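S.K.: With this note's numbering applied, the sequence shown covers 1355 to 1494. I'd like to ask you about the structure that follows.
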Amino acid sequence: MNSYLLNDSSGKGCAFNRDFPSEAIEGDNLNDINHLKSLLCQKETELSQLKKQIEDEKLALVNLRARVKAELGDIQCSIADKDAELRAAQEYLNGLKEVHINYRTNGQVVEVAGSFNGWQHKVRMDLDHSSECIDSLDSR
1355 MNSYLLNDSS
1365 GKGCAFNRDF
1375 PSEAIEGDNL
1385 NDINHLKSLL
1395 CQKETELSQL
1405 KKQIEDEKLA
1415 LVNLRARVKA
1425 ELGDIQCSIA
1435 DKDAELRAAQ
1445 EYLNGLKEVH
1455 INYRTNGQVV
1465 EVAGSFNGWQ
1475 HKVRMDLDHS
1485 SECIDSLDSR
C-alpha cells in the first residue's frame, strides 16, 4: 500500500492510503509540471512587458527632463535680458532731474513743451486741486 499527500482545491494537504497505478501519478505529475511551465512562461511574458514599459517610461522621462532643461535655459536667458533692460532704464532714470512747474491760469488745459535731456514731448498738465495758489510775481 502506498501513502500519498495530495493537495485539494482548498490548498490543504490530504493523505490517502490507496493503491494508484504509477502511470496515473506520473501523468498527473507531468500535467502539473506542464501547467507550472505554462504559468512560468506567462509570468515571464508579463515581466518582459513590464520591463519594456519601465524602459519606455524612463525614456519619456529623459526626454521630458531634456525639454524642461532647455525651456529653463531659455527662461533664464529671458530673465537676464529683462534684468539688463531694467538696469539700463534705472540708470537712465537716475540721470533725470525732477522739475516742478508752477503756473497760474484760468484755462482748462495747460501743455508744457521743451527739451530736457533729449526728451522732446508735449505733456498735458492736469490741475492739482490740492495745491495752493501762490500770489506772487516770483512764482510765474
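From the three backbone atoms N, C-alpha and C, an ideal C-beta is built for every residue, glycine too. Keep in mind the model is a prediction, meaning the values are calculated, not measured.
According to DSSP, is VAL1416 part of a helix, a strand, or is it coil?
M.R.: On the sequence shown, position 62 is the one that residue 1416 refers to. Looking at VAL1416 - three-state DSSP - the assignment turns out to be helix.
S.K.: In the DSSP assignment, what are the bridge partners of GLU1465?
M.R.: As a first step, residue 1465 must be located in the sequence shown, where it is residue number 111. DSSP, once it has assigned bridges, lists ARG1478 as partnering GLU1465.
S.K.: Determine the direct distance from the alpha carbon of TYR1457 to that of ALA1424, and round the result to whole angstroms.
M.R.: Residue 1424 sits at position 70 when you count from the first residue of the sequence shown. Residue 1457 sits at position 103 when you count from the first residue of the sequence shown. Approximately 57 Å between the Cα atoms of the pair.
S.K.: For GLU1452, name the three-state secondary structure that DSSP assigns.
M.R.: Sequence index remark: in the sequence shown, residue 1452 carries index 98 (1-based). Residue state, collapsed to three classes: coil.
S.K.: Kindly list the residues whose CB is nearer than 8 Å to the CB of LYS1436, restricted to its own chain and excluding five residues on each side of it in sequence; keep chain order.
M.R.: On the sequence shown, position 82 is the one that residue 1436 refers to. Here the set comprises nothing.
S.K.: My output table needs one value for ARG1458: the three-state DSSP class, helix, strand or coil.
M.R.: The count along the sequence shown starts at 1 and reaches residue 1458 at position 104. Coil.
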